[in-house]
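Each remark here refers to the structure printed beneath this line.
Number of protein chains: 2
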Amino acid sequence: MNIPSNTIDRLCKIFGQLDILGKKSIEFVSSKDLAIAIGTTEYTVRKDISLIGVTGFTRKGYEVVSLKEQLGEKLNLKTQRKACIVGLGRLGTALLDYEKFKQDGFDIVAGFDSSINKIERIHTSIDVFSVAELENVVSQCNIELGIIAVPSEHAQDIADKLVRAGVKGILNFSPVEINVNENIIYSRIDLTNALRSIAARF
Amino acid sequence: MNIPSNTIDRLCKIFGQLDILGKKSIEFVSSKDLAIAIGTTEYTVRKDISLIGVTGFTRKGYEVVSLKEQLGEKLNLKTQRKACIVGLGRLGTALLDYEKFKQDGFDIVAGFDSSINKIERIHTSIDVFSVAELENVVSQCNIELGIIAVPSEHAQDIADKLVRAGVKGILNFSPVEINVNENIIYSRIDLTNALRSIAARF
DNA sequence: AGTTATAAGTGAAAAAAATCACTAAAATCA
DNA sequence: TGATTTTAGTGATTTTTTTCACTTATAACT
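So the protein lines, in turn, are chains A and B.
Number 28 in my numbering belongs to position 28 of the first sequence; there are no gaps in the numbering.
Number 1176 in my numbering belongs to position 176 of the second sequence; there are no gaps in the numbering.
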């Protein structure tokens, strides 16, 4: 059975929430509380969880550790994954040092920029390279995820390089949409659009 | 007639795309091309646009300038809006200097942080203040949008302060969900979740 | 031990969203 | 000028998603 796309997104959020609850040593959580935490309804949470075949306990809710475990299994979130950031402007360097990624299972192992000056100026524990080395480094290190934080005009070119180097997924922070082969998992965070979507509801 | 939420989001994306096309002096655009640019189908684009009452031209498409104009009208995207960033860590300072916001109609007029050291260290043309001054500054300057980039544990408190100070909308980059009064437009960008949503589809 | 209250599970219904299929208009071409 | 092609507009249909309503289980309480 294939899981609807919205359900996958919500299950990822539930996974994140379970992580938080687990750290607080909370053992059980109800569909209602999960719903509040991820911004949906209890019905939807129950349907979503039932879709992956996990069952909870009457009057107690879902067992935090085991639900997280099973979600991790189904959603492929159990293994640490390697990622890289391309474009070391302000946003890129901020992402390079976003400590939470590592705790959450994403290991940023490389940064790339086209400017040699920038590469020399950055001091971080993560290796930084010239974009010229991107394809080599990404394929050598088996980096699975590419995060694009370059200006619009270079976004497509970088995406193509990442794909050639063998990444499975791309997260694009640049202000333009890019085209990638349909077997690449792709998504985009458009910061301006996030603000516009809010303002449009004022 | 009230416009569905998904439609609003897509119309915002279309608005962004029209902005790009306008700068290239492109006069007309088809529903098909818009669909490709924002990642949907031509049917959906036509339905969405018809919902706001704009009509296009047979065999030419939609007139870029006038569609953008009308979208701006309907979506409240015509006036420059004031925003502030709370939390001047790496991500917050990156957002503080994200030049594109200004071009796109969002004027970041203030930054806030709880650490005086951090405030003194930052050099940017934007005024930075202590969080203690948040409520005063936000209400004095009529800031409508608050962008939260503080650690989890302070996110709710900052949201409450922003709401008290009178913002209409909040964009939350912190790793936890927060609760705000339902008349506040709220959305969240969860960076870890963005990566997880990709990895879950591998 | 019996009662009550809470919370999952789930088929059915409703609502929402997307897609289709067709019409109409107009630009282009022969 | 007439045929053809492109593209919007839209009611109908289909699909998807969400919500509801009800059942069942069991923990907690009296």
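We put the CB at the ideal spot given by N, CA and C, even for glycine.
Go ahead and label residue i buried or exposed: buried means 16 or more other beta carbons lie within 10 angstroms of its beta carbon, across all protein chains shown.
i: R1121(B); result: exposed
i: G56(A); result: buried
i: R59(A); result: exposed
i: K1023(B); result: exposed
i: T192(A); result: buried
i: G1087(B); result: buried
i: D9(A); result: buried
i: I185(A); result: buried
i: D1127(B); result: exposed
i: I85(A); result: buried
Can you give me the C-alpha to C-alpha distance between residue i and residue j, rounded to a whole angstrom?
i: A199(A); j: A1083(B); result: 11 angstroms
i: I108(A); j: I119(A); result: 16 angstroms
i: V1065(B); j: L1011(B); result: 15 angstroms
i: E99(A); j: S1025(B); result: 43 angstroms
i: V180(A); j: S174(A); result: 14 angstroms
i: L67(A); j: N183(A); result: 29 angstroms
i: V176(A); j: G92(A); result: 16 angstroms
i: L71(A); j: E1135(B); result: 41 angstroms
i: L1162(B); j: C141(A); result: 44 angstroms
i: A110(A); j: R1188(B); result: 27 angstroms
i: A155(A); j: S1031(B); result: 24 angstroms
i: Q17(A); j: L77(A); result: 14 angstroms
i: I1036(B); j: F1028(B); result: 15 angstroms
i: E63(A); j: D1160(B); result: 32 angstroms
i: Y43(A); j: G1053(B); result: 35 angstroms
i: N1002(B); j: V138(A); result: 47 angstroms
i: F1101(B); j: R1081(B); result: 10 angstroms
i: L1051(B); j: L1034(B); result: 16 angstroms
i: D157(A); j: I178(A); result: 9 angstroms
i: T1007(B); j: K47(A); result: 25 angstroms
i: G1089(B); j: I1116(B); result: 12 angstroms
i: Q1103(B); j: D190(A); result: 14 angstroms
i: T1040(B); j: E1133(B); result: 44 angstroms
i: F203(A); j: P1004(B); result: The requested residue 203(A) is not part of the displayed model; chain A covers only 1 to 202.
i: F1106(B); j: E1069(B); result: 17 angstroms
i: D19(A); j: G1061(B); result: 49 angstroms
Quick test of your reading: residue i and residue j, contact by CB under 8 angstroms. State the CB separation rounded to the nearest angstrom.
i: F1015(B); j: R196(A); result: 7 angstroms
i: L96(A); j: T124(A); result: 6 angstroms
i: S114(A); j: V131(A); result: 5 angstroms
i: I1038(B); j: K1074(B); result: Wrong, their Cβ atoms sit about 17 angstroms apart, outside the cutoff.
i: A194(A); j: L1171(B); result: 6 angstroms
Mind the definition here: the stretch 167–187 of chain A touches the stretch 141–158 of chain A only if three or more C-beta pairs lie below 8 angstroms; say whether that holds.
yes
Closer than 9 angstroms between beta carbons: that is the criterion. Which residues of the stretch 1169–1183 of chain B meet it against chain A?
G1169, I1170, L1171, P1175, V1176, E1177 and N1179
To be precise: take each residue of the stretch 1107–1125 of chain B, compare its Cβ to all Cβ atoms of chain A, and keep it if any distance is under 8 angstroms. Which residues remain?
Taking 8 angstroms as the Cβ-Cβ cut-off against chain A, none of the residues of the stretch 1107–1125 of chain B qualify.
With 8 angstroms as the C-beta to C-beta threshold (strictly closer), list the residues of the stretch 1067–1083 of chain B near chain A in chain order.
L1075, N1076, L1077, R1081 and A1083
Given a limit of 9 angstroms on CB to CB distance, which residues of the stretch 1085–1100 of chain B reach chain A?
G1089, R1090, L1091, G1092, T1093, A1094, L1095, L1096, D1097, Y1098 and K1100
Selection of the stretch 34–48 of chain A by Cβ proximity to chain B, strictly under 9 angstroms:
I36, A37, I38 and G39
Determine which residues of the stretch 1137–1152 of chain B have a Cβ less than 7 angstroms from any Cβ of chain A, and write them out in chain order.
The residues in question are L1145.
By the 8 angstroms beta-carbon criterion, what residues does the stretch 1004–1015 of chain B contribute toward chain A?
I1008, D1009, L1011, C1012, K1013 and F1015
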